[in-house]
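0 is the number of the first residue of the sequence shown in numbering that gives the first Met the number 0; add one for each residue after it. For every residue, glycine included, the Cβ atom is placed at its ideal position computed from N, Cα and C. Have a look at the structure below before the remarks.
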Amino acid sequence: MLYLCLEDSYHRLQDRLLDITEDPSENLYLATHAGTLADGLAGQIETFVREHGRVSLVVIDTLQKVRETCTDNTYSRDYADLARLKELADRCRTTVLLVHHLRKQYDSDPLNRVSGTAGVSGAADGTFILQREDRSSNYGTLFCTGRDIESKELKLQFDPMSHIWECREDEETARSVDEEVIGIVIDWLHDEKRFEGTASELLEILHDALPCELRPNILSRWLNKHRGMLKANGVSYTLGRTRDSRTIRLSCDGNDANDDISWSGAASKIPSPSSQPSRAAALPGISRQRPGTERCPPLP
Numbered sequence: 000m001l002y003l004c005l006e007d008s009y010h011r012l013q014d015r016l017l018d019i020t021e022d023p024s025e026n027l028y029l030a031t032h033a034g035t036l037a038d039g040l041a042g043q044i045e046t047f048v049r050e051h052g053r054v055s056l057v058v059i060d061t062l063q064k065v066r067e068t069c070t071d072n073t074y075s076r077d078y079a080d081l082a083r084l085k086e087l088a089d090r091c092r093t094t095v096l097l098v099h100h101l102r103k104q105y106d107s108d109p110l111n112r113v114s115g116t117a118g119v120s121g122a123a124d125g126t127f128i129l130q131r132e133d134r135s136s137n138y139g140t141l142f143c144t145g146r147d148i149e150s151k152e153l154k155l156q157f158d159p160m161s162h163i164w165e166c167r168e169d170e171e172t173a174r175s176v177d178e179e180v181i182g183i184v185i186d187w188l189h190d191e192k193r194f195e196g197t198a199s200e201l202l203e204i205l206h207d208a209l210p211c212e213l214r215p216n217i218l219s220r221w222l223n224k225h226r227g228m229l230k231a232n233g234v235s236y237t238l239g240r241t242r243d244s245r246t247i248r249l250s251c252d253g254n255d256a257n258d259d260i261s262w263s264g265a266a267s268k269i270p271s272p273s274s275q276p277s278r279a280a281a282l283p284g285i286s287r288q289r290p291g292t293e294r295c296p297p298l299p
């Protein structure tokens, strides 16, 4: 692996490397200076690959450091620069990973946050965008899209001890978990018939049956999202408000098309409200690691 860390010093790189491992690979090569696309970069990389044999990965951090200064910030220029790097990767039979900046302004389409024009992502085989919840947060979402991969979103959490971004859930897992939780609510209401209280109080009742830890606002969001699923199973859902809090009203009329379906065996674990403690403390976010949770590779 060749890592062109063009915004760093060797001292900083050494500190980072020692934070990650005490035994770095002999096949990791670092450089803090390189040519630009217009001034020998391709030749330098090709020479390195020729001298070191099979090189699986070349990281250029950052893309802007190898582009020549130019006032022509057009789609055609962005596309041409990225196309040259793609051709280089094909010639060397290696992967070239470019680290690039995002725009500061928010956009609902993550691809629109890539600095420059659409030519940057248009010429690349794949684009991965890491968007933190906020600047200092250890939580974020990795948006993945490309020519040969299925587009998906991965919820990640950074572990400051291992320096690895760990995968908390992907879209498929998130869908299955929220539907499982709503199924548990439906099963419980088929027995209890009605509930009125806060999301925190409902979580207290359901806590032992849930597949993961939830915050009250997440439960409320999932109830809103799956109104159709609730209605199809004979459960009415409305929101109310007292002077101090928002309340949830759920009732089951028992008249639905799925009377013979049990969404989850977990409903049998749920005690009735009368046997629950009266406390309604705020619960932490999704934190319990579920089976199947995978680890994502470290991001540069």
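Would Gly139 and Glu132 qualify as a contact pair, given that the criterion is a beta-carbon distance under 8 angstroms? Taking the sequence shown and counting its residues from 1, the one referred to as residue 139 is at position 140. Taking the sequence shown and counting its residues from 1, the one referred to as residue 132 is at position 133. For Gly139 and Glu132, yes; Cβs fall inside 8 angstroms.
How big is the Cα-Cα spacing for Glu21 and Thr93? As a working mapping, residue 21 is identified with position 22 in the sequence shown. As a working mapping, residue 93 is identified with position 94 in the sequence shown. So the alpha carbons of these two residues sit roughly 27 angstroms apart.
For a cutoff of 8 angstroms on Cβ pairs, would you count Met160 as touching chain C? Protein chains in the displayed structure number just one, and chain C is not present.
Along the chain, which unbroken stretches of the beta strand (DSSP E) at least 3 residues long are found entirely within the segment 2–53? 28–30
Determine which residues share a DSSP beta bridge with Tyr236 and list them. By one-based count along the sequence shown, residue 236 stands at place 237. Answer is Leu249.
Keeping to the same chain, check which residues put their C-beta closer than 8 angstroms to that of Cys91; ignore five residues upstream and five downstream. The residue labelled residue 91 in the question sits at position 92 within the sequence shown. Once the five neighbours on either side are set aside, the close Cβ partners of Cys91 are Ile44, Glu45, Val48, Val54 and Val57.
Here's a check: name, in chain order, each residue in its chain whose Cβ is nearer than 8 angstroms to the Cβ of His225, leaving out the five neighbours to either side. The residue you call residue 225 lines up with position 226 of the sequence shown. These residues qualify, in order along the chain: Asp177, Glu178 and Ile181.
Cys91 - containing alpha helix (DSSP H), residue span: Position 92 of the sequence shown, counting from 1, holds the residue named residue 91. Tyr74 to Cys91 is the span of the alpha helix (DSSP H), which, as asked, contains Cys91.
Which residue's Cα is closest to the Cα of Leu249: Asp243, Thr241, Asn223 and Gly118? By 1-based counting over the sequence shown, the position of residue 249 is 250. Taking only the C-alpha atoms, the option nearest Leu249 is Asn223.
Extent of the continuous beta strand (DSSP E) to which Val58 belongs: Taking the sequence shown and counting its residues from 1, one reaches residue 58 at position 59. That run of the beta strand (DSSP E) goes Leu56 to Asp60.
Alpha carbons only, please: which of Val184, Ser244, Leu213 and Glu212 is nearest the one belonging to Asn232? What you label residue 232 is simply residue 233 of the sequence shown in a count that begins at 1. Nearest of Val184, Ser244, Leu213 and Glu212 to Asn232, Cα basis: Val184.
Integer-rounded CB distance, given that Leu36 should sit under 8 angstroms from Glu67: Counting from one through the sequence shown, the residue named residue 67 turns up at place 68. Counting from one through the sequence shown, the residue named residue 36 turns up at place 37. With 8 angstroms as the limit, Glu67 and Leu36 qualify as a contact, their Cβ atoms being about 7 angstroms apart.
What do you get for Asp80, buried or exposed, if any count of 16 or more other CB atoms within 10 angstroms of its CB means buried? One-based indexing of the sequence shown puts residue 80 at position 81. It counts as buried.
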